[in-house]
Amino acid sequence: MMKRVFTGNSNVFLFATVQEASINSYRNERGLVLSPVKECCKNSTMLPTTSPHSNGALGSRDAARHTAGAKRYKYLRRLLHFRQMDFEFAMWQMLYLFTSPQRVYRNFHYRKQTKDQWARDDPAFLVLLSIWLCVSTIGFGLVLEMGVLETLKLLLWVVFVDCIGVGLLISTLMWVISNKYLLKQPSRNFDVEWGYAFDVHLNAFYPLLVILHFLQLFFINHLVVINSDWFVGYFVGNTLWLIAIGYYLYITFLGYNALPFLKNTVVLLYPFALLGLIYVLSVSLGWNFTKGLCWFYKARVQ
Numbered sequence: 001m002m003k004r005v006f007t008g009n010s011n012v013f014l015f016a017t018v019q020e021a022s023i024n025s026y027r028n029e030r031g032l033v034l035s036p037v038k039e040c041c042k043n044s045t046m047l048p049t050t051s052p053h054s055n056g057a058l059g060s061r062d063a064a065r066h067t068a069g070a071k072r073y074k075y076l077r078r079l080l081h082f083r084q085m086d087f088e089f090a091m092w093q094m095l096y097l098f099t100s101p102q103r104v105y106r107n108f109h110y111r112k113q114t115k116d117q118w119a120r121d122d123p124a125f126l127v128l129l130s131i132w133l134c135v136s137t138i139g140f141g142l143v144l145e146m147g148v149l150e151t152l153k154l155l156l157w158v159v160f161v162d163c164i165g166v167g168l169l170i171s172t173l174m175w176v177i178s179n180k181y182l183l184k185q186p187s188r189n190f191d192v193e194w195g196y197a198f199d200v201h202l203n204a205f206y207p208l209l210v211i212l213h214f215l216q217l218f219f220i221n222h223l224v225v226i227n228s229d230w231f232v233g234y235f236v237g238n239t240l241w242l243i244a245i246g247y248y249l250y251i252t253f254l255g256y257n258a259l260p261f262l263k264n265t266v267v268l269l270y271p272f273a274l275l276g277l278i279y280v281l282s283v284s285l286g287w288n289f290t291k292g293l294c295w296f297y298k299a300r301v302q
């Protein structure tokens, strides 16, 4: 029973306090509401348990539910359900890969804390990248005056060989190198996920795709290829290649540098020296990389 208490001027306050305590006691007896401590313990089972000194490593029970096969199955299953994909967030990532790629990898940190995986669990980014790749390749076919069948052949080659095939090769290579040489303390409890290595490649590949397969289209016939022996022509083309590959190297470095259990990731910036040397030589000797790319694309479809 609820008891009303009067103690001078504080009678209203004590009445409210006793009323609230009585209601809470009644709910607890009926099992309607858990206490704050019990509620916290109940909710904590929904998140993976980690040790404060394990660098995010999972316990044995949670590790069984977060295997690579389980993550891969979940990712592929969502690939067939477009309504479950967050395309707005994927477009946000594509924008910031140009303006502030650090913010993109900061989101990977949040995913690790909330879903206990570094790799994306939403294939929306891959779907949008595939659409970009198809549209830009069709644009290349139109600029190079290819027929419908030739453009289709080029599209299949670019998607399955240049993007997927080369991407799988680079991702696997970086996955092996990072786990073998860059781990601070090699252990089975934490390592670089292959899916994360593939995501880093996709992040780095997107700016390269936009620069070389979209922006460069506006210069090919009017400046770069037709006037291939003109200094301005190969200077513009090779500069676009320098920016595109530089973006790829820098975003790849940011991806692995964001992992707290890796060391010496600065070595991933060393190829910049070779890239700068090749660029200077190409401009000095009149090499035209874009003309070579166009010739290579035409040779593929013949």
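Here full-length UniProt numbering is used: position 134 in the sequence shown is 134, and no number is missing along the way. Idealized CB from N, CA, C, for every residue including glycine.
Cα-Cα separation between residue i and residue j, rounded to whole angstroms
i	j	result
Ala124	Gly195	14 Å
Leu152	Asp116	40 Å
Phe296	Ala258	36 Å
Ala119	Asp229	45 Å
Lys291	Val161	20 Å
Ser178	His222	43 Å
Asn55	Tyr110	In this prediction, Asn55 has a pLDDT of 45, which is less than 50 and means its spatial position is unreliable; what the coordinates show is noted afterwards. Their backbone Cα atoms lie some 14 Å apart in a straight line.
Trp287	Tyr279	9 Å
Leu231	Thr114	In the sequence as presented, Leu is not what sits at residue 231; that position holds Phe. Going by the C-alpha atoms only, they are around 53 Å apart.
Thr137	Leu215	12 Å
Val135	Ile211	13 Å
Phe289	Leu242	10 Å
Arg83	Met91	15 Å
Lys298	Asn107	40 Å
Thr265	Phe253	7 Å
Leu95	Leu277	30 Å
Ile131	Pro260	33 Å
Cys40	Leu173	With a pLDDT of 37 at Cys40, under the threshold of 50, the predicted position of this residue should be treated as unreliable, and no value is reported.
According to DSSP, residues forming a beta bridge with residue i
i	result
Leu262	Leu183
Distance CB(residue i)-CB(residue j) smaller than 9 Å
i	j	result
Phe140	Leu154	yes
Ser282	Tyr234	yes
Gly167	Phe198	yes
Leu240	Phe219	yes
Glu150	Val301	yes
Val127	Leu217	no
Leu262	Val192	yes
Leu129	Val158	no
Gly246	Leu275	yes
Phe285	Leu269	The question names Phe, yet the displayed sequence has Leu at residue 285. No, the pair does not count as a contact, with Cβ atoms beyond the cut-off.
Tyr256	Val176	no
Pro207	Ile164	no
Phe89	Asp121	no
Asn203	Leu97	yes
is_contact[residue i, chain C] using C-beta, thresh 9 Å
i	result
Tyr256	The structure shown contains no chain C, having only a single protein chain.
Problem set entry | Three or more C-beta pairs below 8 Å linking the segment 90-104 and the segment 176-193 | The segment 90-104, when compared against the segment 176-193, does not touch it at the 8 Å Cβ threshold.
Exercise. What alpha helix (DSSP H) runs, 4 residues minimum, are completely inside the segment 102-129?
Worked result: For the segment 102-129, not a single whole alpha helix (DSSP H) run of length 4 or above is found.
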